[in-house]
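Residue numbers (my numbering): 87 to 433.
The C-beta atom is built at its ideal place from N, Cα and C for all residues, glycine as well.
Below: one structure, written as structure tokens.
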Amino acid sequence: MTFARQFAAIFLVLALPWDAQQPQQPPAKRAAPQQQEDAPYRIRTRAELVVVPVTVKDSSGEMVHGILADEFRILEDDVEQQISVFSVEAFPLSAVVLLDNALPQNVARQLETGAPAIAAGFAESDEVAITLFDAYPQNLMEFTRDNDKLYDNLKRIQMASTFPGQGSGPMTAGPKVNQVSPEAKVPTRAETSRASRGMKHLYDAVYAAGLLLRERGRDRRKIIFLVSDGRNSPNNEMNFDDTLKLLLGADISVYAIGVGQASLNRGLTPLTRFARLTGGDVFYATSRADLENIFSRVTEQARNQYTLAYAPRGTDRTKDFHSIEVRVKRDRLSVPPRDGYFTTPTP
């Protein structure tokens with residue numbers, strides 16, 4: 087049995103009502119009707135299992151393997167927790183490849199020709215969807231485990247592009263943009279006009295990708311594979327906080343690849359914020375060769391994180407949000423932070 091299936095089994099046990107987890111006693115003699123009516127109600131509780139994927143890096147930014155369970159510490163709301171599940175086994179991925187469709191012409195061409203290399207990083211057990219975005223998200227391919235289909239769709243994509251002072255134009259070839267997912271918003275005439283003026287709604291696109299991933303199984307690692315220059319127009323329907331809440335509540339990590347102006351401005355941007363607060367990572371590419379090299383690194387890193395899990399103890403369970411901090415005992419190693427998780431679902 088793979089660890090992913092073992093983890094699913096552990097989660098199901100922890101999610102059972104408390105009384106269902108107790109050893110069963112031999113059946114007692116049937117009580118009289120009046121005695122049954124007077125019997126107290128049995129308390130039923132649910133045990134949470136918080137799963138924390140962790141990447142550990144050295145001072146040069148390379149992943150570090152071989153760290154043992156007792157070298158990790160997890161704190162929730164500054165209260166140390168006991169790690170109940172630890173694994174270094176690879177997880178299957180559920181991924182939305184989210185591609186910016188309003189890039190400068192030279193960057194768009196690099197992405198267009200390099201995009202097929204994304205398929206090489208996914209395995210038979212992975213499932214992948216493709217979405218383009220500018221003023222609104224356009225779902226080009228539903229989740230598939232067929233790597234040949236993924237490659238063909240990526241190869242056929244023709245990115246729109248922009249020139250200085252102009253917006254993105256329509257796609258002239260590639261997959262038909264008429265298979266918009268139920269969660270994605272169908273563009274109105276006003277939105278189409280915004281797209282023609284180069285308006286780009288990054289928060290809305292990430293939120294739509296999060297909706298696609300939210301219902302995928304907990305035995306899979308859920309990631310948004312985001313390639314963008316980080317530009318974001320005002321007046322997104324979803325703001326940053328609402329989008330982050332959806333991602334954290336559904337255990338979704340963002341792996342962002344900054345291109346164009348994002349590779350020049352590597353400060354605090356929506357790309358870095360989403361990546362770092364969800365336990366993902368951010369990379370930068372200035373050429374097609376950079377893109378193709380980074381594509382394989384993203385999937386390798388996402389698949390081969392350490393997996394830690396714990397049942398929360400000693401924290402206020404009435405709170406809506408709980409912070410998480412992971413520490414490793416070895417010197418000169420870093421753990422990219424994950425902001426925490428929400429206990430209430432996102433509508």
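- In the three-state scheme derived from DSSP, where H, G and I count as helix and E and B as strand, Tyr-293 is classed as helix.
- Remark: three or more beta-carbon pairs, one from each stretch, lie closer than 8 Å, so the region 327 to 342 and the region 306 to 316 are flagged as touching.
- Residue range 233 to 242 is occupied by the alpha helix (DSSP H) that includes Tyr-237.
- Counting only runs of 3+ residues, the beta strand (DSSP E) found wholly inside the region 183 to 220 occupies 213 to 219, in chain order.
- Separation of Tyr-222 and Asp-164 (C-alpha to C-alpha, rounded to the nearest whole angstrom) is 39 Å.
- Short of 7 Å from the beta carbon of Ala-361, and not among the five residues preceding or following it, lie these beta carbons of its own chain, in chain order: Val-340, Tyr-341, Ala-342, Asp-367 and Val-368.
- Between Arg-389 and Leu-240, the gap from beta carbon to beta carbon reaches 8 Å or more.
- Rounded to whole angstroms, Gln-347 and Glu-198 show a C-alpha spacing of 17 Å.
- If you look at Phe-326, you'll find it isn't in any beta strand (DSSP E); it sits in the alpha helix (DSSP H) that goes 326 to 335.
- Pairwise C-beta distances place the region 372 to 383 in contact with the region 198 to 216, as three or more of them are shorter than 8 Å.
- Taken atom to atom, the span from the alpha-carbon of Val-171 to that of Ser-349 is near 37 Å.
- For the pair Thr-358 and Leu-161, the Cα-to-Cα distance works out to about 23 Å.
- Each of Asp-328, Asp-290 and Arg-302 was checked against the Cα of Leu-312, and the nearest Cα belongs to Asp-290.
- Leu-185 is the residue among Leu-185, Tyr-237 and Ala-371 whose C-alpha sits nearest the C-alpha of Val-292.
- Annotated three-state conformation of Pro-356 is helix, per DSSP.
- Look at Phe-407 here: in three-state DSSP terms it is strand.
- In this chain, the beta strand (DSSP E) harbouring Phe-158 covers 158 to 162.
- Beta-bridge pairing by DSSP links Glu-166 to Leu-161.
- Val-142 is positioned such that its CB atom lies closer than 8 Å to that of Val-421.
- Of the residues assessed, Ser-314 falls on the buried side of the cut-off, its CB having 16 or more other CB atoms within 10 angstroms.
- The three-state reading of DSSP puts Ile-310 in strand, counting E and B together.
- Boundaries of the alpha helix (DSSP H) harbouring Ile-380: 374 to 389, taken from the DSSP string.
- Between Thr-364 and Arg-424, the gap from beta carbon to beta carbon is short of 8 Å.
- Going by DSSP, Ala-397 is part of no beta strand (DSSP E) at all; its letter is neither H nor E.
- For Leu-288, the secondary structure class from DSSP, reduced to helix, strand or coil, is helix.
- Looking at Glu-210, Arg-399 and Gly-344, the one whose alpha-carbon comes closest to that of Glu-134 is Arg-399.
- Between Leu-226 and the set Gln-244, Tyr-370, Ser-211 and His-151, the nearest pair of CA atoms involves Gln-244.
- Straight through space, the alpha carbons of Glu-213 and Ala-206 are spaced by roughly 13 Å.
- As the crow flies, the alpha-carbon of Gln-168 is around 13 Å from that of Thr-401.
- Spanning the alpha carbons of Ile-216 and Tyr-392 requires a straight line of approximately 26 Å.
- Checking the DSSP bridge columns, you'll see Gly-303 has no partner listed.
- DSSP lists Leu-394 as the beta-bridge partner residues of Phe-172.
- A Cβ-Cβ separation of about 6 Å places Val-182 in contact with Leu-299 under the 8 Å criterion.
- The three-state reading of DSSP puts Ala-371 in coil, since its state is none of H, G, I, E or B.
- The residues Ile-169 and Phe-172, in chain order, have a CB closer than 7 Å to that of Ala-155 in the same chain once the five nearest residues on each side in sequence are set aside.
- Under a 10 Å Cβ-count criterion, Thr-329 is classified as buried, with 16 or more other Cβ atoms of the shown protein chains found around its own Cβ.
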